[in-house]
Structure formats: structure tokens, C-alpha cells
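Chemist:
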Amino acid sequence: MKALILNSGMGTRMGVLTSEQPKCMTEVSNHETILSRQLNTLSQVGIDDVIITTGYYDGVLVNYVQSLELPLNITFVKNEKYDSTNYIYSIYCARDYLDDDIILMHGDMVFENSVLNDVVASNASCMAVSSSVALPEKDFKAVLKDGRIKEIGIEFFSEAVAAQPLYKINKADWKVWLDRITDYIESGEENKQKCYAENAFNEVSKECIITPLDVQNRLCNEVDTTEDLAVVSSRLHEIENRTVYMCFSTDMLHGGHISIIRKAQKLGKLIIGVMSDEAVASYKRYPLIPYEDRKAMFSSIAGVWKVVKQDSLSYKTNIEKYQPDYVVHGDDWQCGFQKPVRDEVVSELAVYGGRLVEFPYSSEQKYKDLEARTKTELSMPHVRRGRLKRSMELQGLITAMEAHDGLTGLIVENTIVHDKGEAHQFDAMWVSSLCDSTAKGKPDIELVDMTSRFRTIEDLMEVTTKPIIFDGDTGGRREHFTYTVRSLERLGVSMVIIEDKTGLKKNSLFGTEVEQTQDSIENFSAKIRAGKAAQQTKEFMICARIESLILEKGLDDALNRARAYVEAGADAIMIHSRKKEPDEIFEFIDQFRSVDKSTFLVVVPTSFNTVTEEEFKDRGVNVVIYANQLMRATVPAIQKAAETVLINHRAKECDDFLMPFSEIIRLIPEEV
């Protein structure tokens, strides 16, 4: 695509401003002339080849353009008859250079960047028109019929709209128009050298198909007089002070991001909202790079005016605060779970007349590959291990779902529920001794050795990225526990939970129905201290699980143990109960939090399952573990399938409620 700028005219209506230079060199702001603005805008949209016709003060114009040192291939074509012909003759002079799609504009055109963007992006040949502007008396108007332009001229008023000489003309259409221009000039008739080029177009408009591109109230005007100049300069000042808002959650910039940023910058002064770590983690994956570093990354981009924090998926707070003229986003949120967020943006902008601008979303494979590599980085032990603590510090409360093999791990990893523009997902995985044993068909009495349980962790690590909390049962002998801590750290586990019981393990849900022995405070505290001394990293955490309420030893015993375990170095306390009512759990939390505001609190609401996560968070709980729901969902489903086959002596009835294996396979990453 090439651009043709017509600059052969004398601009006599501009008075003294054109006494020593062409009109296109008139300043429209403190730092731009009409021509420098045109050329810079063309360069920004990727047009490299520009043909400029000259005439009046030809040498001054050429020297000026060369002084701009723009990255453009510029060809100058002089109209030797500039003082006795119109621009139709200038086009004729330049005809040998116009063998491509053409952006055609008069040299006194001033337009905002978004107008040229739309003109260039048009698939059809088009001309800038405005349905919002009153029909001018002496300037161009376009007569429209059946969605196309039938005639262009100053004399038309019926079925017409205001028009400006800014065109994109596809090569085939341009050939038709240029051939008729050539016929005009080579006819030798003087009046055909002094008329508008549009006169020639009007004769071939059935073959040269040009459509109207409605710029509405956006700036797109010729500067014919000093009055025009004043209006245009004022509009440019207003445009240059417009603000544009965009929001990013990414921690890895690529070409697609830079491209949309550059487009947004053309609309005004760009404010970039960077989502907080908590906001990103709430709907996406945990960010590899923390907020402050991501903020610095965007601040370093040339032309970004301001970088601010956005604390949630909602734009409302920042729109109200900054009242941007434009909000820019990719068009990918026009449907799907982010549509409510988009609808809210549109509603907030409507309050004061702001506008949403959407560009095509970049979905190239190379960007998907970058995201895949990011997920690989998140799965690395040294990256995964510290994310649980950071998530609790950021979010206040996180949720963990039980996973006992690679497939259930993928379900925990990828299950997301969208509601009102928000995304809800699990923050971590719980590797339960009970479910690990059950999956192997063995009783939950620490019969499955650590080597086998470590294999479950490795299976999860291979296909997921979320942090892992490990059920360490009693922790075993003190010497064994120190080995377990180091092994879990190496694997990338974030937390181990050990319970203060001794002897042969019996599941806590049995309570006092079976004989269970609670360890002494001294012995269990010593085990915690040994584990903390053995760990090699600051991120790894040891959580002490208190069985006092399970064993009906009372609240005071539970609180005494909690204080002692924290003093021994426990990073977190898990309080457990098998009662359906949460009263004793709430009482423990309230009393513990009255003296300890910082130690993490963990609950496993298997029995007291009516309490919501929001209630737990309000009371000061940091981790809610759903300890066995996936295992309990599995058994009835597979039992039903087996019974259905036996009853019907075939698989047809069974298949009616089973997931197709092709969908299950889609859960499994191809690279595994």
C-alpha cells in the first residue's frame, strides 16, 4: 500500500501563513505541522512508501520533509503547472508511481489517528464521511446510494453527507479512476485540467466502488482558512489531552501486547492499570512476577503516561477515579465470562460520555506457546513451593481440593467457574493420606509408605502448577520427620500438616469410638522444632494439626497446644472437629485470633460443611481444605457404572451418563 499526498496547491486563502511556504507546512500545534503529522501517522500505521506532489515552494517543501528524517521512502513529483491546474493534474503527473492500493489525501487534511487506522483497515475502497456534521455549503459532499458513493462534489445536497478527501482505494478500483483521470488530462481540454479529480470519479462510480466510512464527530478536516486552522488546532489540543485506560494482568510482554499499546497511545495519553497479584491469582494463574515488578515493566514502555494499580477484575473504581476518554481492550471479552466486566465498563463510560475501543485479540500460536512455557515455569519446584504462603498473604484465604492422582490433579488445576464476570478456582491441592490409601485400596493406618506417597506427589507435579499441601499424618518418628521435610521441600511441596497423635493411626472421623492417643505437648513441639531446623528454605511451612476437639479434651487443651506449637515454630495451626455444628471451631478461632493475629489457621470442614468460605475468612481462617470430596464422588459413580453394565448385560445404558473418553483426554496436556 502506498500513500499519495497532494501538495501542489498555493493555499492563497491562508494569507500571510503561506507567503513563504506551502500550506502543508503550517503549524497546527507547538510541535507539529500539517504535513509532519500526516507523515508520522502514516508511518505509525505501517505505510512506508509515500508520494508527495509538489509545486508552490517546491524546494522549501522538499528540504523540510528531508529534515524530518522519517523512516519513509518518499518520492517527490512536481506539478510544473501548479499555478494553472488543479490536483487532478498532480495525480496524473504521479501516475507511474501509483501501481498499488492507495491512501489518497489532500495535503491540508488534519485527522486524528483513529480515523486513519479505520481507513487503512477497511477491506473495501472507502472515503471519510461524517453523518454527524451539517452539510457544508462550499466543501465536498458525497451522494450515497445502496451503501456506496455515487457522486462526490460541492454542488450535491440531496441524499448526501459531508465528505473529506481522505480515501483508501484498492488497486482495481484505483485503476478505473486513474484511467479516467488520464483520459481527462490527455483530452487536452483546459477545463478538465482545472476540475476536481472527483469529477472523473463521478463518471466511473459504477465500476470504481467506493464506500462511505463514517468518522462521525472525530477530527477529520481540511485547513483552507485561518478560521479552519483555529478550529483544528483547538481540536488537536483537546485530542492530545485525552486520556486512555488499559488494564493488564500479564507478567510477560509480547508483540501482541506492544501492538495494542501502540494503538491505544494514538488515542491519547495512556494510563495502564496493572492488576494486583491478588486480582490476577483470583481468576487466572498465579503471576510469575510480583505486582511491583510488573508495574516497573509497563512504566518502562516509551509513551506510557501513567501506571496505576487495579485491585480487581472490575474497572469501575479506576474509571471513576481517572474518567478516561477511552478504555481500550481486545475484542475477546465481547462474550464469555468477562462479558459482565465489559458491560460494566460500557455502563460506567456512559455516565460521562467515555468510549470503549476494542481491537482484534491476538490469538497467534506463538503467544499460546509463551503461555505454555510460563506454565512450565510455574510447575518448577522452586517456583511452586513459595506460592502458597504468598497467596495466603495476598488473598487472606485460599482453598485447597483433594487430589490423589494425576487426573484428579488436572481437574483441580483446570476447573474454573465463572460468575458475574469473576472466575473462581481452587488455589492449591491437598494430598491426603486417607485418599492416597483409599486409591490404593488400603486402610488409612499409615500403611502406604512415604516412598509411594512421594510418587503421588511426583505424578501431580508433572501435570499441574498449583501449590501442594501434604498430609503428613503424625509425621512418624522425629528422625524420620526431618527426612520427610527435606524430601517434600525438594519436590516443591509448600506445606506439610502433621497431627499430634501417636501410635497406630486411626482416622480422626472415628473420634473416641476407637482408641486414639494424643502426643504430649513436649514431644510434639520437639518434632516441630526438629522439622523447622531441618528445612532448607523459608517458603516451606509446617502446620500443626490439633486433635483435642476430636478427642473431646476441650477448648482450653486445644488453645494451650496451639500456643505451644506456635512457640515451637509451627507456621500454621489446623483445628479439627467432627461435629456438624461449627460452634467449637468458631470459639477456638475467636480465642486464638484474640492473641495471635499472624499465624495461619487451617480448617477442614468435612463435617461442619454448611459454613461458607466468606464466613471463615471473616473470622480469620487462611486455608480451607476440601479433604476428600473427589474421592467420595468417584466411588458412587464407578459403582453405578459397574452395576448398570451387570444389570443390562451391555454398556449402552452406562454410556448415557458417562463422559466421552475424548473429553477426558483433552484434560491431559499433550506434552506429558
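So in my numbering, spot 5 of the sequence shown is number 1, and the numbers just go up one at a time. No residue lacks a Cβ here, since even glycine has one placed at the ideal position from N, Cα and C.
1) Under the rule that 16 or more other beta-carbon atoms within 10 Å means buried, what is residue 426, buried or exposed?
2) For residue 656 and residue 283, what's the separation of their Cα atoms in angstroms?
3) May I ask you to verify whether the segment 95 to 115 touches the segment 195 to 213, counting CB pairs closer than 8 Å and requiring at least 3?
4) With DSSP collapsed to three states, give me the class of residue 136.
5) For residue 254, does the count of other Cβ atoms within 10 angstroms reach 16, so buried, or fall short, so exposed?
6) Flag residue 238 as yes if its beta-carbon sits less than 8 Å from any beta-carbon of chain D, otherwise no.
7) Could you check whether residue 0 and residue 94 sit closer than 8 Å to each other, using their CB atoms as the reference points?
8) Ends of the beta strand (DSSP E) at residue 52?
9) Mapping the DSSP letters down to three states, classify residue 326 as helix, strand or coil.
10) Just to confirm before moving on: does the CB-CB distance between residue 317 and residue 270 stay below 8 Å?
11) Under 8 Å by Cβ, that's how I've got residue 197 and residue 170 pegged, so tell me the actual separation to the nearest angstrom.
12) Among the residues of its own chain, which have a CB less than 6 Å from the CB of residue 295, if the five just before and after it don't count?
13) Just to check, is the beta-carbon of residue 154 closer than 7 Å to a non-hydrogen atom of the ligand NAD?
14) Enumerated in chain order, which unbroken segments of the beta strand (DSSP E) with a length of 3 residues or greater are wholly contained in the segment 103 to 176?
15) When we look at the beta-carbon of residue 643 and count the other beta-carbons within 10 Å, is it buried (16 or more) or exposed?
16) Where do the ends of the beta strand (DSSP E) carrying residue 466 lie?
17) Would residue 523 be called buried (16 or more neighbouring beta carbons within 10 Å of its own) or exposed?
18) Do you know how far the Cα of residue 100 is from the Cα of residue 264?
19) Tell me, which residues are paired with residue 395 by DSSP?
20) With distance defined between alpha-carbon atoms, name the residue in 395, 186 and 454 nearest to residue 402.
21) Note the first and the last residue of the continuous beta strand (DSSP E) segment covering residue 210.
22) Assuming the contact rule is C-beta atoms closer than 8 Å, residue 673 and residue 547 should be a hit. Round their C-beta distance to whole Å, please.
23) Per DSSP, what kind of secondary structure is residue 476 in: helix, strand or coil?
24) Evaluate residue 90 with the Cβ neighbour count: other Cβ atoms within 10 Å of its Cβ, from every protein chain shown; 16 or more gives buried, anything less gives exposed.
25) Label residue 628 either buried or exposed according to how many other C-beta atoms from any shown protein chain fall within 10 Å of its C-beta, with 16 as the threshold for buried.
26) Mind checking residue 276: buried by the 16 CB within 10 Å criterion, or exposed?
27) Since residue 419 is in the beta strand (DSSP E), which residue starts that stretch and which ends it?
28) Out of -3, 11 and 31, which one is the CA nearest neighbour of residue 20?
29) Between the C-alpha atoms of residue 73 and residue 98, what's the straight-line distance to the nearest angstrom?
30) Find out if the Cβ-Cβ distance for the pair residue 589, residue 570 is shorter than 8 Å.
31) Mapping the DSSP letters down to three states, classify residue 400 as helix, strand or coil.
32) Among 60, 323, 149 and 229, which one has its Cα closest to the Cα of residue 26?
33) Would you call the segment 377 to 391 and the segment 347 to 354 in contact, with 3 or more CB pairs under 8 Å?
34) Considering only residues of the segment 208 to 273, which uninterrupted beta strand (DSSP E) runs meet the minimum length of 3 residues and lie entirely inside it, listed in chain order?
35) DSSP on residue 645, reduced to helix/strand/coil?
36) Assign residue 594 to one of two classes, buried (16 or more other C-beta atoms within 10 Å of its C-beta) or exposed (fewer than that).
Modeler: Looking at the atomic coordinates:
1) buried
2) 33 Å
3) yes
4) coil
5) exposed
6) Included in the structure is just one protein chain, with no chain D present.
7) yes
8) Taken as a continuous stretch (DSSP letters only), residue 52 belongs to no beta strand (DSSP E), as it is neither H nor E.
9) strand
10) no
11) No, residue 197 and residue 170 are not in contact; Cβ-Cβ is about 11 Å, not under 8 Å.
12) 303
13) Questions concerning the ligand NAD fall outside what the structure shown contains, since it holds no ligand whatsoever.
14) 105 to 107, 122 to 126, 137 to 141, 144 to 149 and 156 to 165
15) exposed
16) 464 to 467
17) buried
18) 25 Å
19) 620
20) 454
21) 207 to 210
22) The requested residue 673 is not part of the displayed model; the chain covers only -3 to 668.
23) helix
24) buried
25) exposed
26) buried
27) 418 to 421
28) 31
29) 16 Å
30) no
31) coil
32) 229
33) no
34) 216 to 218, 239 to 244 and 265 to 271
35) coil
36) exposed
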